[in-house]
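Counting from 1 along the sequence shown, just add 8 to a position and that's the residue number in this note's numbering. Glycine included, C-beta positions come from ideal geometry on N, C-alpha and C. Single-structure report; data block below.
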Amino acid sequence: MTWSPCFSPTTRYWKWFRPQYQEQELDAEGLRIEQVVQWLIEAEATNTKLSGAEVARRLGVAPRTGQRDIAAAREIKDARERELSQQRRGHLRSVADRT
């Protein structure tokens, strides 16, 4: 007879003993959020609004999870845009300093 835990590997408590389960979950969450970032970019390109309910429907998750995912995706997208803007300004300053 083999030993098995009293709860399944998907149980959050199991992650204390098996960190790789937590890593796999974080990777899946990161991929999910990255997908939502892409949907946000597409929605802006077509001048439409992407709602948390729509994200939840597309991903097959709870509405609240869809809202959290879209909030996280907006933060990531905004941070990337700020970083790109700063890089462009930095480049312009370095060119202007040369003259």
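Delimiting residues of the alpha helix (DSSP H) encompassing residue i
{"i": "Val69", "result": "Note, Val69: premise wrong, no alpha helix (DSSP H); not H, not E."}
Own chain, CB closer than 7 Å to residue i, minus 5 neighbours either side, in chain order
{"i": "Arg65", "result": "none"}
{"i": "Ala80", "result": "Ile41"}
{"i": "Thr73", "result": "Ala64"}
{"i": "Ala70", "result": "Ala64"}
{"i": "Val44", "result": "Val63, Asp77, Ile78 and Ala81"}
Three-state class that DSSP yields for residue i in the structure shown
{"i": "Ser59", "result": "coil"}
Contacting residues, own chain, Cβ-Cβ under 6 Å from residue i (five flanking each side not counted)
{"i": "Trp47", "result": "Leu58"}
{"i": "Gln3", "result": "This structure cannot settle anything about residue 3, because the visible part of the chain is limited to 9 through 107."}
Min CB distance residue i to chain D below 8 Å
{"i": "Val63", "result": "Considering every chain present, this structure includes no chain D. It has just one protein chain."}
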